[in-house]
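Mapped onto full-length UniProt numbering, the consecutive letters of the sequence shown carry residue numbers 1 to 102. Built from N, CA and C at the ideal position, the CB exists for glycine as well.
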Amino acid sequence: MSSKNPIDGKCALGDIDVEAIVRDVAHSTIAALVARNFDRYLTEHEVATRFGLEPKALQNWRQKGGGPPYRKFGSAVRYALSDLIAFEDAALRKNTSQRPEQ
Numbered sequence: 001m002s003s004k005n006p007i008d009g010k011c012a013l014g015d016i017d018v019e020a021i022v023r024d025v026a027h028s029t030i031a032a033l034v035a036r037n038f039d040r041y042l043t044e045h046e047v048a049t050r051f052g053l054e055p056k057a058l059q060n061w062r063q064k065g066g067g068p069p070y071r072k073f074g075s076a077v078r079y080a081l082s083d084l085i086a087f088e089d090a091a092l093r094k095n096t097s098q099r100p101e102q
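See below:
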């Protein structure tokens, strides 16, 4: 049963500080929204290091397709962190016989 303390106006559920929980959830939600709207961009070298590949593999993917989405700013190639995470998530397999579309 929740109650509001008439002295300080804080809401508590037993020993649980409901306002602190709401603040934490709001902070996490705002942080996630900000991260999504202000994406970090990685260089080809950073992505190659992240995936344990040579930069040439990324160059081949860009030429032939099949790799993560990328953006070009003039001659600079950049990968959005959110796109890389989605690419990594799509590569998740539960066993060796699982196909990508399963």
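With C-beta atoms as the reference, is residue i less than 8 angstroms away from residue j?
i	j	result
alanine 48	leucine 58	yes
leucine 42	leucine 81	yes
What does a CB cutoff of less than 7 angstroms around residue i pick up in its chain, not counting 5 residues either side in sequence?
i	result
histidine 45	Pro55
isoleucine 85	none
glycine 67	Leu58, Trp61
proline 69	Asp83
Over what stretch of residues does the alpha helix (DSSP H) that includes residue i continue unbroken?
i	result
lysine 56	55-64
arginine 99	Element bounds for arginine 99: n/a, residue is neither H nor E.
Mind checking which residues open and close the beta strand (DSSP E) that includes residue i?
i	result
alanine 76	76-80
arginine 50	Segment 44-51 is the alpha helix (DSSP H) holding arginine 50; no beta strand (DSSP E) there.
arginine 71	71-73
Assuming residue i contacts residue j under a Cβ cut-off of 8 angstroms, what Cβ separation, rounded to an integer in Å, is found between them?
i	j	result
arginine 71	arginine 62	With a Cβ gap of about 11 angstroms, arginine 71 and arginine 62 do not count as contacting.
For chain B, is any of its Cβ atoms less than 8 angstroms away from the one on residue i?
i	result
glutamine 98	Reference to chain B is not applicable here, since this structure consists of a single protein chain.
Going by beta carbon distance, what residues of the same chain come within less than 6 angstroms of residue i, once the five residues before and after it are set aside?
i	result
arginine 50	none
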